[in-house]
Structures are given as C-alpha cells and as structure tokens.
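The opening residue of the sequence shown carries number 1 in UniProt numbering; numbering runs sequentially from there.
We put the CB at the ideal spot given by N, CA and C, even for glycine.
Worksheet: the structure to be examined is printed underneath.
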Amino acid sequence: MVEPAIALFGGAYEKASHVLEELLRESGARYALLLDRKGFVLAHKEALWAPRPPALDSLATLIAGNAAATQALAKMLGEPRFNELLHQGATHGLYAEEVGELALLVVIFDNSAPVGRVKLFGKRAVQALEVITRDAVVQPGTLGIDHEYRDGASALLDELFGN
C-alpha cells in the first residue's frame, strides 16, 4: 500500500491550515491544498464564498501526476526542475508550486483573483509550509498503515465469518 511521505498531525496540521487560510484571504482564491507528491491531500481549505470543491482525492492524484510529468519535461529540456505549474482557462486557473522535495501547494482561483496576486501569496505560503513539512516527513514504513489495515481487515473477516 502506498503511504504518504508527510504526516501532518496536531500542531503541524493546525499551522498548515492557518497558512492555507491566510493564503485564501490574501489572494482571493477559492481553494488551497497541500499535497504530497504521491497525491495524498495533507491539508485543504476553501473560501467561505466558494462553491463545493471538486473531488479532492481525484484532483490531488491528477495534480501529482501532472507535476511528475512536468518534472520529466524539465529534465528533457536540461532543467533540473520546474518549480511551478500554472493552468488558466476562460474562468478558472490552477497554480501549483513545490513545497520542498515532497509536497505541492495547489491554489485554485477564478478570474476575480489576479494571477500575480495568487503567485505572490502562494510563494509566501510555500516558505511557511516548507518549514512545517520539513519536520513532518515520514520515514518509509513508520506509519504502519499496511500492518494496521491487515490486522483490522483480518479481525473484521474473523468476526464476520466466525473464525
């Protein structure tokens, strides 16, 4: 089972959530997400006025895949990496920037939020999130999701089938 590379709990989660809230307030964007590069949502916030967000798990997976493809393109072009992604449509945009080596900040905005403002406050948020996520990196195998899942599923099956 794939496990997240970063685990935000307690104070770290609260700090990250506060950074995302501040980003939304300052930029005028609709949604802000902190993802790991595997596509796990670590934290997210939405503006009070924003409509219901799209399915976050699907969005996170697609953005992580897009970021991975963009890094492959950077290497093909002789760049060590591209630090940010920007997609703009007729009414909505998506801005993503690296948060250290293992995470991505994603900001979804509409045409009422200027791109420059989204990028400016996004970069400020990245600086704060880098400090928070640096201390929350998980070493492979330390979360125990595989073990817990296996034991829980086994106990449930034993209970269900009377073994």
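Could you give the residue range of the alpha helix (DSSP H) that holds residue i?
i          : result
residue 63 : 56 to 76
So what's residue i in DSSP terms, helix, strand or just coil?
i           : result
residue 113 : coil
residue 36  : strand
residue 10  : helix
residue 131 : helix
residue 138 : coil
residue 159 : helix
Considering only residues of the same chain and omitting the five flanking positions on each side of residue i, which have a CB-CB separation below 6 Å?
i          : result
residue 75 : none
residue 95 : 86, 107, 118, 122
Using 10 angstroms around the beta-carbon of residue i, count the other beta-carbons present and answer buried if the total reaches 16, otherwise exposed.
i           : result
residue 9   : exposed
residue 131 : exposed
residue 97  : buried
residue 52  : exposed
residue 73  : exposed
Starting from residue i, trace the beta strand (DSSP E) in both directions and tell me its first and last residue.
i           : result
residue 96  : 92 to 99
residue 102 : That residue, residue 102, is in no beta strand (DSSP E); it is neither H nor E in DSSP.
residue 43  : 41 to 46
residue 84  : 84 to 88
Do residue i and residue j have their C-beta atoms closer together than 9 Å?
i           : j           : result
residue 24  : residue 13  : no
residue 60  : residue 82  : no
residue 129 : residue 16  : yes
residue 33  : residue 18  : no
residue 125 : residue 22  : yes
residue 134 : residue 93  : no
residue 55  : residue 113 : no
Near residue i, which residues of its chain fall below 8 Å by C-beta distance, leaving aside the five closest residues on each side in sequence?
i           : result
residue 137 : 5, 6, 102
Once the 5 residues before and after residue i are set aside, which same chain residues still bring their CB inside 7 Å of it?
i           : result
residue 63  : 35, 96, 104, 106
residue 159 : none
residue 91  : 110, 111
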